[in-house]
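Novice: One structure follows; several queries about it will come next.
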Amino acid sequence: MKEKIFLIDGSALAYRSYFAFLRSPLINSKGENVSAVYGFLNALRSLIEQESPQYLLIAFDTGSPTFRHEQYPAYKATREKMPTELSGQLPRIDQLLDAFNICVIKKDGVEADDVIGTLAVKAAAEGHDVFIVTGDKDFMQLVNDKIKIYDIRTISGETDIIDREKVKEKFGVYPENVTDVLALTGDSSDNVPGVPQIGPKTALKLLENKKSLEELLASIDTVQPERIRQKLADNINYALISKQLVTIKTDVGLPVSIDDMALKEPDTQKLASFYRDMEFTKFLNELTVSIPKEHPVMYTLVDTAELFTVFFSRLSKSTFFVFDTETDSVNPLTAKLVGMSFAFEEYEAFYIPSSVSSAPEQRDLFSIEETSLFETVLHSIKPILENPEIKKCGHNIKYDSMVLKKYGISLNGVYFDTMIASYLLRPTIRHHNLDAVSLFYLNFKKTPTSDLIGSGKNQITMDKVDIQKVSSYACEDADITLRLHNTLRPMLENAGLLTLFESVEIPLIEVLTAMELEGISVDVPFLKAMSDELQKNIIKTEQEIYTLAGEEFNIKSPQQICAVLFDKLAIHKQLNIKLRKTKTGYKTDVEVLESLAEHPLPRLIIEYRQLTKLKSTYVDTLPELLNPITHRLHTSFNQTITATGRLSSSDPNLQNIPVRTELGKRIRQAFVASAPDKKLVAADYSQIELRLLAHLSQDKTLLDSFRHHHDIHTMTASLIFDVPIGLVSPELRYKAKAINFGIIYGMGQAKLARETGISQKEAKEFIQAYFEKYPGVKQYIDDTLEKARKDGYVNTMLNRKREIPEIHSESSMIRSNAENIAVNTPLQGTCADLIKLAMIDIYKKFRLGRYNSKMLLQIHDELLFEVPDCEINSVIPIIKSSMENAIKLDVPIEVKIHAGTNWMEV
422 MKEKIFLIDG SALAYRSYFA FLRSPLINSK GENVSAVYGF LNALRSLIEQ
472 ESPQYLLIAF DTGSPTFRHE QYPAYKATRE KMPTELSGQL PRIDQLLDAF
522 NICVIKKDGV EADDVIGTLA VKAAAEGHDV FIVTGDKDFM QLVNDKIKIY
572 DIRTISGETD IIDREKVKEK FGVYPENVTD VLALTGDSSD NVPGVPQIGP
622 KTALKLLENK KSLEELLASI DTVQPERIRQ KLADNINYAL ISKQLVTIKT
672 DVGLPVSIDD MALKEPDTQK LASFYRDMEF TKFLNELTVS IPKEHPVMYT
722 LVDTAELFTV FFSRLSKSTF FVFDTETDSV NPLTAKLVGM SFAFEEYEAF
772 YIPSSVSSAP EQRDLFSIEE TSLFETVLHS IKPILENPEI KKCGHNIKYD
822 SMVLKKYGIS LNGVYFDTMI ASYLLRPTIR HHNLDAVSLF YLNFKKTPTS
872 DLIGSGKNQI TMDKVDIQKV SSYACEDADI TLRLHNTLRP MLENAGLLTL
922 FESVEIPLIE VLTAMELEGI SVDVPFLKAM SDELQKNIIK TEQEIYTLAG
972 EEFNIKSPQQ ICAVLFDKLA IHKQLNIKLR KTKTGYKTDV EVLESLAEHP
1022 LPRLIIEYRQ LTKLKSTYVD TLPELLNPIT HRLHTSFNQT ITATGRLSSS
1072 DPNLQNIPVR TELGKRIRQA FVASAPDKKL VAADYSQIEL RLLAHLSQDK
1122 TLLDSFRHHH DIHTMTASLI FDVPIGLVSP ELRYKAKAIN FGIIYGMGQA
1172 KLARETGISQ KEAKEFIQAY FEKYPGVKQY IDDTLEKARK DGYVNTMLNR
1222 KREIPEIHSE SSMIRSNAEN IAVNTPLQGT CADLIKLAMI DIYKKFRLGR
1272 YNSKMLLQIH DELLFEVPDC EINSVIPIIK SSMENAIKLD VPIEVKIHAG
1322 TNWMEV
């Protein structure tokens, strides 16, 4: 039986992979652009997984001149040089293919097309089915009953098999006439001349009823119209040379046989090393690779009284240990303990289960009833877990702390969290779970949780898994966490991050644990009434839209909106507004609709979208998320998500409750104090990033403005627009505010013009005027960018670091975005550090003063508290002082504080 053979056009696939990610390239932490490598790998994996080929070869161009250059020296002369960021990735692709053990051919004097053409024709002649993996149309000339094109998409992995009929469908002719068409039309990408002014339609018409280009030229006198006949007559030589140039050679001498193309097993050790080097964590996680055991491990299931005595003796003598909890849920508020693992030395660990299911004579821990066994264990270890003098380490220890709190244990002495340590060292990396971190830093592929509990519909909970398997898994987690601690702590110290880690991130864990456990009260009846009101407004808006449209349609469908606005009503033409059309038609996003808002229909569609989003995302959803026991809403605050150091909120995200519209603001009215004798208190930093800008830039005018408590936006308007302070209008102040904040976020003249409704010329002049009035800010931006280019990173006042390898990108768009990040990160990151320090200080003072007031939420520059009426006069000065003095600046920090019965009031 003859096998399928896959021949890959490696050069074309590398180009396609690179350009697929051009607008959003993949950059690893070393600053390497790995987009082409990733796309190439994705396509290769997709092909192997879908087709399971037994024979596979990849051909590449060598870059040296070929026989075509001898035939026509101008061949490919106009083609742009390969981008440096792509050519730099080709050696990496070679490494990848070496690890995959794939047959690769590069031959001087010919192109990859000729190598593939020769092998394809040879294999087809031997009866094999050949698939040429490419997106290059030139290969369509080779298609026949045995040879087909296999067009693969590098990101999606989708494929398109092109046979003879599809060649006819795509090209207008069958494969045997593809070179004739190309000879007439030429190919601008390869500088193949063709015949001037003959395009695809004319070429097809000329070749109608002709077997070849040669037959057409032989009967040139019959060609009509005269203009085309003359063009052909004048360019016969060009047509003939063009056909030679586009014809793929099928007789190249090659030192390879079909047997050489047999697909071998990849070298998993090389592949693992490559993935790790490239930081392809997803692929590394999926790779089954036998990592040599460096050291035998001793993992102990503590299931007898004797073993517990041994374990407890070790625990009691320890001044530092690692622990981890195993539970039946990822939600710490509902999770039940399945067991706990502990590690004191590398390569050894203990696991204590919450229950045992083996024979009693073998599982006689404490010789007591199983139901109270674990409670006794917890009672024994509780003093140690609560002892602040004994150092504890974990991975995402906030979760463990919250779980233990449910069992009456208040964890103290938190000393190290390997998840946070990994994040500080690599803040731009998305995943810091134990699997990813152990792979990256220890080259250790730990047992995935899914190996124990499965996934999808068949997933079970950890308490249903065999106890021996859980013990091995849990002990490995504790052991690996200890090894990570021993690796990461010196790295933090060497990077100058240990102080930030110990003074900010670690103390914050206790604060966030308390906030998440506390939750916030929600007025459910209010949300129900608001939902009813929104529904009425939605129906009313729907009907108004249908009336203006003259028909009913699905308002949630962009395609149907497009059909009504642009095809039927042509609103853009009515308003004389030019819109850019994409391959799928006009866009209907909010920016486009706002540009058409002079017409009532687009305006109503915007309103409809706002109403339906508020209802579905917030008003109807929030009541469903209340904890059934506490009847409060509990969010999770994440320390390891944002690259700037800001906290993020999830499940649900309470940091993005709308505030820009009146309806959005009303949702905040549903967040209430839990009792009539309590208030919600909001404390918000005033213009904190601009104050930090004044401090870091040391701009004299900016410093003086804040020191004299001037309104900074009015002051900026006065300086830029040359208007006395007392005559600054609200409109000018608004423009100045846009410039003030725009400078921080790298806003260019185009965006400033769009946001303020002025021309780009005016926007450019305003920005120039800003830097003339605030020269210190310009100097600060220049110095920051110079440092970022020199060091490859920027840092906050507390030395939080963010690497920005993209700042050296060849792409102006990518480089510009990196420069904006470089300027903004020290400001936004220092702001994040500032409020974290304030939270830690407030939390300590609340505990020291035995106040019943609670910190509930952090919304970037704002803190929300629940305070008993009797404590308001005492705690507001504490909040204000802690926030205003967390970091000393050369300008005063101002905090605005308001109290009310609900969040909207404050």
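If you read the sequence shown in my numbering, its first letter stands for residue 422, the second for the next number, and so on.
Cβ coordinates follow ideal geometry from the N, Cα and C atoms, glycine included.
#1: For Thr792, count neighbouring Cβ atoms within 10 angstroms of its own Cβ and tell me buried if that reaches 16, exposed if not.
#2: In terms of residues, what are the limits of the beta strand (DSSP E) holding Val835?
#3: Sort Val1149, Ala1103, Val1244 by Cα distance to Lys1301 and report the nearest one.
#4: Kindly say whether Glu1231, judged by its beta-carbon, lies nearer than 7 Å to any beta-carbon of chain B.
#5: Quick one: what's got a C-beta closer than 7 Å to Glu790's C-beta in the same chain, skipping five residues either side?
#6: On the premise that Ala498 lies in contact with Asn612, defined as a C-beta separation below 8 Å, what is that separation, rounded to the nearest angstrom?
#7: For Thr1009, which residues does DSSP report across the bridge?
#8: So is the beta-carbon of Met1168 under 6 Å away from any non-hydrogen atom of the ligand GDP?
#9: Once DSSP output is grouped into helix, strand and coil, what is the label at Gly940?
#10: Quick one: using the 10 Å Cβ neighbour count with 16 as the cut-off for buried, is Asp856 buried or exposed?
#11: Can you give, in chain order, each stretch of the beta strand (DSSP E) that sits fully within the segment 599–637 and has at least 3 residues?
#12: Quick one: residues in its chain with C-beta nearer than 8 Å to the C-beta of Glu686, no 5 flanking neighbours on either side, listed in chain order?
#13: Compare the Cα-Cα distances from Leu758 to each of Leu969, Val588, Leu825 and report the closest residue.
#14: Could you say which of Lys1121, Arg1081, Lys949, Pro1073 lies nearest to Lys1041 if we only look at CA atoms?
#15: So, at 7 Å on beta carbons, what are the nonlocal neighbours of Pro1023 in its own chain, with the 5 sequence-adjacent residues on each side left out?
#16: Tell me whether the segment 864–882 and the segment 954–971 touch, counting them as touching only if at least three CB pairs, one residue from each stretch, are closer than 8 Å.
#17: Given a cut-off of 7 Å, decide if Leu447 and Tyr459 are closer than it, judged by their beta-carbon atoms.
#18: If you draw a straight line from the C-alpha of Ser788 to the C-alpha of Ala726, how long is it?
#19: Taking just the CA atoms, how far does Ser678 sit from Gln475?
#20: Distance, Cα to Cα, Glu532 vs Phe481?
#21: What would DSSP say about Ala1320, mapped onto helix, strand or coil?
#22: Considering only the alpha carbon of each residue, which of His1129, Ala1184, Ser1230 lies closest to Gly509?
#23: So for Val932, helix, strand or coil by DSSP?
#24: With a 10 Å radius around its C-beta and 16 neighbouring C-beta atoms as the bar for buried, classify Val925 as buried or exposed.
#25: Touch check for the segment 1051–1064 and the segment 1080–1090: three-plus C-beta pairs under 8 Å?
#26: Can you tell me whether DSSP reads Lys757 as helix, strand or coil?
#27: Quick one: using the 10 Å Cβ neighbour count with 16 as the cut-off for buried, is Ser445 buried or exposed?
#28: Would you check if the distance between the CB atom of Asp1254 and the CB atom of Leu1219 is smaller than 7 Å?
#29: Under the three-state reduction of DSSP, which class applies to Gln475: helix, strand or coil?
#30: Would DSSP call Arg1223 helix, strand or coil?
#31: Return yes when the Cβ of Thr1322 is within less than 7 Å of the Cβ of Ala1094, no when it is not.
#32: Go ahead and label Pro1344 buried or exposed: buried means 16 or more other beta carbons lie within 10 angstroms of its beta carbon, across all protein chains shown.
#33: For Ser779, I'd like the list of residues in its chain whose CB is within less than 6 Å of its CB, leaving aside the five on either flank, ordered along the chain.
#34: In angstroms, rounded to a whole number, what distance separates the CA positions of Thr643 and Tyr439?
#35: For Asn1306, is the classification buried or exposed, using 16 other Cβ atoms within 10 angstroms of its Cβ as the cut-off for buried?
#36: Quick check: the Cα distance between Glu1012 and Thr580, rounded to an integer number of angstroms?
Specialist: On the basis of the data shown:
#1: The pLDDT assigned to Thr792 is 48, lower than 50, so where the model puts this residue is not dependable; a value taken from the coordinates is nonetheless given after this. With fewer than 16 other Cβ atoms within 10 Å, it is exposed.
#2: Taken as a continuous stretch (DSSP letters only), the beta strand (DSSP E) holding Val835 covers 835–838.
#3: Of the candidates Val1149, Ala1103, Val1244, the residue whose Cα lies closest to the Cα of Lys1301 is Ala1103.
#4: Note that chain B does not occur in the displayed structure, where there is just one protein chain.
#5: In this predicted model, Glu790 has a pLDDT of only 48, less than 50, meaning its place in the structure is not dependable enough to derive any value.
#6: Between Asn612 and Ala498, the beta carbon gap of about 5 Å places them in contact (Cβ cut-off 8 Å).
#7: Answer by DSSP bridge pairing: none, since Thr1009 is not bridged.
#8: The ligand GDP is not among the ligands present in this structure, which contains no ligands whatsoever.
#9: Gly940 carries a coil assignment under DSSP once its states are collapsed to helix, strand and coil.
#10: Here Asp856 is buried, its C-beta having at least 16 other C-beta atoms within 10 Å.
#11: For secondary structure counted as the beta strand (DSSP E) over 3 or more consecutive residues, the segment 599–637 holds no complete run.
#12: The answer, listed in chain order, is Asn522.
#13: Nearest C-alpha to Leu758: Leu825.
#14: What sits at residue 1041 in the sequence shown is Asp, not Lys. Measuring C-alpha to C-alpha distances from Asp1041 to each of Lys1121, Arg1081, Lys949, Pro1073 identifies Lys949 as the nearest.
#15: If we look at Pro1023 and ignore the five residues flanking it on each side, its Cβ neighbours are Leu986, Ile992, Leu1014, Leu1017.
#16: Fewer than three Cβ pairs drawn from the segment 864–882 and the segment 954–971 lie within less than 8 Å of each other, which leaves the two stretches out of contact.
#17: Using a Cβ distance threshold of 7 Å, Tyr459 and Leu447 count as a contacting pair.
#18: For Ser788, the predicted structure reports a pLDDT of 44, less than 50, and the residue's modelled location is therefore unreliable. A value from the coordinates is still provided. One Cα belongs to Ser788, the other to Ala726, and the distance between them is close to 8 Å.
#19: Gln475 and Ser678 have their C-alpha atoms spaced approximately 14 Å apart.
#20: For the pair Glu532 and Phe481, the Cα-to-Cα distance works out to about 8 Å.
#21: Reduced to three states, the DSSP call for Ala1320 is strand.
#22: For Gly509, the nearest C-alpha among the options comes from Ser1230.
#23: Val932: helix per DSSP, three-state reduction.
#24: Val925 is buried by the Cβ-count criterion.
#25: With a cut-off of 8 Å, the segment 1080–1090 and the segment 1051–1064 do not count as touching, because too few Cβ pairs lie within range.
#26: Lys757 falls in the coil class under three-state DSSP.
#27: Answer is exposed; the Cβ neighbour count stays below 16.
#28: A contact, by the Cβ cut-off of 7 Å.
#29: Residue state for Gln475 is assigned as coil, using DSSP reduced to three classes.
#30: In this structure, Arg1223 counts as strand in the three-state DSSP scheme.
#31: Yes, the pair counts as a contact, with Cβ atoms nearer than the cut-off.
#32: The requested residue 1344 does not occur in the structure, where the chain is confined to residues 422 to 1327.
#33: With a pLDDT of 42 at Ser779, under the threshold of 50, the predicted position of this residue should be treated as unreliable, and no value is reported.
#34: Each residue's Cα considered, the two are about 47 Å apart.
#35: Its Cβ having fewer than 16 others within 10 Å, Asn1306 is exposed.
#36: Distance between the alpha carbons of Glu1012 and Thr580 is about 34 Å.
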